[in-house]
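Student:
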Amino acid sequence: MIVLGIESSCDETGLALVDTETGLLAHALYSQITMHQEYGGVVPELASRDHIRRVLPLLEQVLSEAHLDKTAIDAVAYTQGPGLAGALLVGASVACGLGLALHRPVMGIHHLEGHLLSPLLTSNPPAFPFISLLVSGGHTQLMRVEGVGQYTLLGETLDDAAGEAFDKSAKLLGLSYPGGPAISRLAESGDPTVYTLPRPMLHSKDFNFSFSGLKTAVLTVVKSHPRPLSEQDKANVARAFVDALVDVVVAKCVNALRHSGLKRLVIAGGVGANAQLRSALNAAAAKKHFQVYYPDMEFCTDNGAMIAFAGALRLREDPSQARFDYSFTVRPKWPLSEISGRII
Ligand code: KG4
Ligand code: ZN
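Residue numbers (this note's numbering): 5 to 348.
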């Protein structure tokens with residue numbers, strides 16, 4: 005079966021075609037980052053309007069790349085939530101409109117499930133079960149994954165998500181949105197010995213995180229600096245921020261693996277593209293003898309491929325999950341626990 009995936013939960017319009025037997029056929033993405041940059045963050049109304057402009061041309065693009073006609077689509081998967089309500093509505097309405105016009109079933113996909121399963125899109129996918137670290141702009145969670153739809157939450161952030169901490173700290177340093185890649189680049193030329201920032205909850209015995217204090221520590225350094233920060237000062241702060249965040253994330257992953265007895269760690273979400281995090285995880289994996297898996301770089305941040313792929317996996321497990329009912333609602337806030345048989 006050929007599944008069309010539509011992602012429009014935030015500031016990326018992503019479309020993709022996945023064959024349930026052979027995998028990814030085509031994908032296309034339009035990022036609105038430059039449009040939102042001048043406001044320092046995503047403006048929801050502008051995001052919705054831009055999704056409307058991009059979604060149909062991107063559909064034509066993936067169909068033409070896959071040398072297929074619309075009628076070849078067997079089912080349509082779309083991001084139903086969580087995310088920005090107006091932005092989600094664009095993808096949901098296009099998906100349900102297409103389903104209605106083509107007489108094809110549709111299915112609403114949980115955005116985080118898309119991220120979670122995205123590392124399985126690679127040529128060397130991890131086998132179930134595994135520990136998943138989901139680190140995005142909106143979420144930081146550690147989960148035990150037994151299979152599609154079988155997710156047990158081990159711990160999560162109590163306040164800011166990792167990506168959010170990157171974005172807010174970047175803003176404090178005067179860097180442009182999105183802050184993750186900007187801080188990461190700057191940190192490369194930073195001196196790690198100049199500042200030491202707190203490692204929140206590093207020694208807590210659970211799998212929870214807290215990053216808002218780290219962001220406040222960045223604010224304190226910036227405010228208490230005797231003169232405006234030079235480029236080198238900023239790089240030093242960026243380095244201290246990244247070192248602190250990475251230390252905590254790696255330690256929690258190692259603890260979760262030890263606690264579960266599993267040997268496979270799977271990373272997902274935008275912060276999973278971070279070079280410093282990847283190299284620290286790789287070093288820990290070599291030292292502690294576990295395997296670490298990442299999505300391809302282009303599938304770390306939001307994209308349509310992960311939504312089409314999650315739809316395809318769900319369809320393969322149970323075709324009745326797609327429905328011929330074209331009324332739709334979106335779920336701007338949607339706990340992953342609601343779609344998992346085993347989440348606590
Ligand atoms: O998964 P994603 O595209 O969207 C959400 O579902 O939230 O993640 C976006 C987040 C942003 O906070 C962005 O700053 C962060 O991922 N990010 C990074 C990097 N690339 C994206 N953070 C650190 N280093 C990166 N290279
Ligand atoms: Zn995302």
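Glycine included, every Cβ here is placed at the ideal spot set by N, Cα and C.
Here the structure is a predicted model, which is why all the values come from computation and not from measurement.
Quick check: what's the CA-CA separation for HIS115 versus PRO230?
Tutor: C-alpha separation (whole angstroms): 44 angstroms.
Student: What does the Cβ neighbour count give for LEU206, buried or exposed, with the cut at 16 atoms within 10 Å?
Tutor: So LEU206 ends up on the exposed side.
Student: Can you give, in chain order, each stretch of the alpha helix (DSSP H) that sits fully within the region 298 to 330 and has at least 4 residues?
Tutor: Qualifying alpha helix (DSSP H) stretches, in chain order: 308 to 321.
Student: Does the count of Cβ pairs from the region 263 to 275 and the region 239 to 246 closer than 8 angstroms reach three?
Tutor: Because the criterion of three Cβ pairs below 8 angstroms is not met, the region 263 to 275 and the region 239 to 246 do not touch.
Student: Helix, strand or coil for VAL152? Go by DSSP, reduced to three states.
Tutor: Reduced to three states, the DSSP call for VAL152 is coil.
Student: Could you tell me which uninterrupted alpha helix (DSSP H) segments, each at least 4 residues in length, are contained entirely in the region 175 to 235, listed from first to last along the chain?
Tutor: Counting whole runs of 4 or more residues, the region 175 to 235 contains the alpha helix (DSSP H) stretches 183 to 191, 216 to 228.
Student: Please confirm whether PRO299 and SER35 have their CB atoms less than 9 angstroms apart.
Tutor: Taking 9 angstroms as the Cβ cut-off, PRO299 and SER35 do not qualify as a contacting pair.
Student: Can you tell me which of the three DSSP states THR38 falls into?
Tutor: In this structure, THR38 counts as helix in the three-state DSSP scheme.
Student: Which residue wins for smallest C-alpha separation from GLN280, given the options ALA248, GLU42, GLU64?
Tutor: Closest by alpha carbon: ALA248.
Student: Relative to the ligand KG4, is the shortest distance from any of its heavy atoms to the C-beta of GLY85 smaller than 8 angstroms?
Tutor: The answer is no for GLY85.
Student: Whose C-beta lies closer than 6 angstroms to the C-beta of ALA70 among residues of the same chain, with five residues either side of it excluded?
Tutor: Excluding residues within five positions, the ones whose Cβ falls inside 6 angstroms are LEU21, LEU29, ALA30.
Student: Closer than 5 angstroms between the C-beta and any heavy atom of the ligand ZN: which residues qualify, listed along the chain?
Tutor: Working through the chain, the matches are SER140, ASP306.
Student: On the DSSP letters alone, give me the boundaries of the beta strand (DSSP E) that ILE10 sits inside.
Tutor: Note, ILE10: beta strand (DSSP E), 6 to 11.
Student: Alpha carbon to alpha carbon, what distance is there between GLU342 and ALA169?
Tutor: So the two alpha carbons sit approximately 26 angstroms from each other.
Student: So, under 8 angstroms CB-CB, VAL139 and GLY276 are touching, yes? Tell me the CB distance rounded to an integer number of Å.
Tutor: Yes, they are in contact, since the Cβ atoms of VAL139 and GLY276 sit about 6 angstroms apart, within 8 angstroms.
Student: Confirm the yes/no value for this check: CB of PHE215, any heavy atom of the ligand KG4, distance under 8 angstroms.
Tutor: Incorrect: PHE215 has no Cβ contact closer than 8 angstroms to the ligand KG4.
Student: Can the beta-carbon of ILE10 be found closer than 9 angstroms to that of VAL80?
Tutor: Contact: yes.
Student: For a test of your reading of the model: does the CB of PRO185 fall under 8 angstroms from any non-hydrogen atom of the ligand KG4? Yes or no.
Tutor: Checking the Cβ of PRO185 against the ligand KG4 gives yes.
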